[in-house]
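*Asks:*
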Amino acid sequence: MSALILDGRKINEQILAELKPRIDSLTRNRRAPGLAVVLVGDNPASEIYVRSKVKACQDLGIRGFQQTPPASITTAELLELIESLNRNEDVDGILVQMPLPKQVDAPRILLAVDPAKDADGFHPLNVGNLVTNRPAPRPCTPAGIMQMLKRYGIRVEGKRAVVVGRSDIVGKPMALLLLHENATVTICHSKTPDLASECRRADILIAAIGRPALLTRDFIHPGAVVVDVGMNRITDETEANRIFAHDEKRLAAFAKNGRVLVGDVDPRAMAEISSAYTPVPGGVGPLTIAMLMSNTVSLAEQHLA
Ligand code: GUN
C-alpha cells in the first residue's frame, strides 16, 4: 500500500480560509490585525522564511511591519526596537526571526517581547503556559503539526511518539503538545545512543534535528506516521545523487540549480515504509506560516475585544 502524503499546502489553505472572515470582521469593526516581523542581518534562509511570512500577511489583509536592522546591531539597540513595537498600538504580534547574530543576547530579546504580543510563543512566560497547558500562543511549527495530524484524522492518544531534536523552537514544544494529547513521548537528540532503535519504536516519528536524510530505512517502523521538519539545502553532488537516486525530477532540479532541499528523513524510505508522511518541501513549512497567521489573529482579537 502506498503511503498517504500529508499535504501541508492544503492544510495551510484550509486554515487561512478559516482566518479570513475573522480578519475581515476585525478590519471592518476596528482595524486590521498587525504583525511586526524583525529580520536582523542577511541570513539567506531567514530571508526566505520572512518573505513568505510577509507575503502571507499581505494576501490575508494582515498589516505587516517589517523591520530589517543590520547584522551589526547591538543588544541594546534591538531591545529599543522591540520596546517601540511593544508600545505601537497597531501591532498585535511581534516575531523576531531566529537565529540572531552572535553578539546579540537572544534570550534577553525574547524576554523583552510583550508576552501579549508574542506571535511565536517564545517568551518564557508563554513557554510556561505551554508546559502547564494554559491558553497562550504556541510555537508555530509544532502547533501546525498538531493541526495537520488532527485534520488528517491521525489520533495521538495512546500512541508512542518519538521526537528527534530538542530545540526550543520545535523539539521541546512538539514533545509537550503531543504529551498534552496523551501520547507517550520520547525526546531524542544528537547524543542519544542507538537512535535507530529508539525511532523504530515510534507510531508517530517527528524528525527535527537539522541533518540531511539522517533517518534512513532502519529508523522507521513499518506503518509509522513520519513528520519531517528538516529543511536542509544540499549542494554536494554525490550526496544529492545518493539521496535522490530514485527521483529523476529532483536530480534534474539539482543539475539545473546546483542545490536541492532535503528533510531529515531519507525521502525514499519515508515514502516506502511509512503509512503517512510529510514531504519536503510542501509538508511542514506551510503549516508554520498558517499558525503564525492564526496566532496573530487570536492576539488581535484579544487586544480589540
Ligand atoms: N527560525 C526558524 N524557525 C523559526 C520560527 O518559527 N520563528 C522564528 N522567529 N524564527 C525561526
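For the sequence shown, the working numbering begins at 47 and goes up steadily by one.
From the three backbone atoms N, C-alpha and C, an ideal C-beta is built for every residue, glycine too.
With distances taken from CA atoms, which of 65, 240, 269 and 130 is nearest residue 322?
*Replies:* Checking every option, the nearest Cα to that of residue 322 belongs to 269.
*Asks:* Quick one: residues in its chain with C-beta nearer than 7 Å to the C-beta of residue 296, no 5 flanking neighbours on either side, listed in chain order?
*Replies:* Hits under 7 Å: 290 and 306.
*Asks:* Is residue 310 near the ligand GUN, with its Cβ less than 7 Å from a heavy atom?
*Replies:* Because no heavy atom of the ligand GUN lies under 7 Å away, the Cβ of residue 310 does not count as near it: no.
*Asks:* Quick one: does the C-beta of residue 289 sit closer than 7 Å to a heavy atom of the ligand NAD?
*Replies:* Questions concerning the ligand NAD fall outside what the structure shown contains, since the ligands it does hold are the ligand GUN.
*Asks:* What residue range does the alpha helix (DSSP H) around residue 30 cover?
*Replies:* Nothing about residue 30 can be read from this structure; the chain reaches only from 47 to 351.
*Asks:* Check whether the Cβ of residue 279 lies closer than 8 Å to any Cβ atom in chain C.
*Replies:* The chain labelled as chain C is not found in the depicted structure, where only one protein chain is given.
*Asks:* Check whether the Cβ atoms of residue 145 and residue 117 lie closer than 8 Å to each other.
*Replies:* No, Cβ-Cβ distance for residue 145 and residue 117 is not below 8 Å.
*Asks:* Shorter than 7 Å, the distance from the beta carbon of residue 334 to the closest heavy atom of the ligand GUN, or not?
*Replies:* Yes, since a heavy atom of the ligand GUN falls inside the 7 Å radius drawn around the Cβ of residue 334.
*Asks:* Could you compute how far the alpha carbon of residue 79 sits from the alpha carbon of residue 154?
*Replies:* Taking the straight line from one Cα to the other gives about 26 Å.
*Asks:* Can you list, in chain order, the residues of its chain with a C-beta nearer than 6 Å to that of residue 255? Leave out the 5 residues immediately preceding and following it.
*Replies:* These residues qualify, in order along the chain: 210, 211 and 310.
*Asks:* Taking the C-alpha atoms as reference points, what is the distance between residue 52 and residue 257?
*Replies:* Approximately 21 Å, taken between the alpha carbons.
*Asks:* Excluding five sequence neighbours on each side, which residues of the same chain lie with their C-beta closer than 7 Å to the C-beta of residue 248?
*Replies:* The residues are 206, 207, 208, 267 and 270.
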